[in-house]
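101 is the number that this note's numbering gives the last residue of the sequence shown; the numbers go up by one with no jumps.
Glycine included, C-beta positions come from ideal geometry on N, C-alpha and C.
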Amino acid sequence: MSASGGSFTSTYQRTNKYGGAVLYGVVLGFVVYVVTELANRSGFAGVLDPAFAALGPAFVAVVIGSTVLLYKEDGRA
């Protein structure tokens with residue numbers, strides 16, 4: 025979570041536009057929560073492999089956080 029939080033707050037300190045960053049952070053947190061719950065229940069039901077159900081949501085969160093960080097550091101956002 026610190027990787028995704030850091031990626032949303034890594035802007036210039038002179039700008040006071042934090043509304044979008046807060047909104048995107050909350051949405052990402054909700055998406056990670058939903059993916060984690062879906063993987064957890066699918067793992068308990070035997071639909072997914074337990075290792076994938078445990079590690080999949082964390083991997084997705086790291087990939088999303090890294091993508092946002094690299095996108096913002098490139099200067100496009």
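Please name the residue, chosen from A78, V56, V55, that lies closest to S66 on a Cα-to-Cα basis.
Among A78, V56, V55, the Cα nearest to that of S66 belongs to A78.
Taking the straight line between their C-alpha atoms, what separation do you get for G43 and V84?
24 Å
Does DSSP put K41 in a helix, a strand or coil?
coil
For L93 and G53, what's the separation of their Cα atoms in angstroms?
If I take the Cα positions, the gap works out to 15 Å.
For S90 and L72, the rounded distance between their alpha carbons:
25 Å
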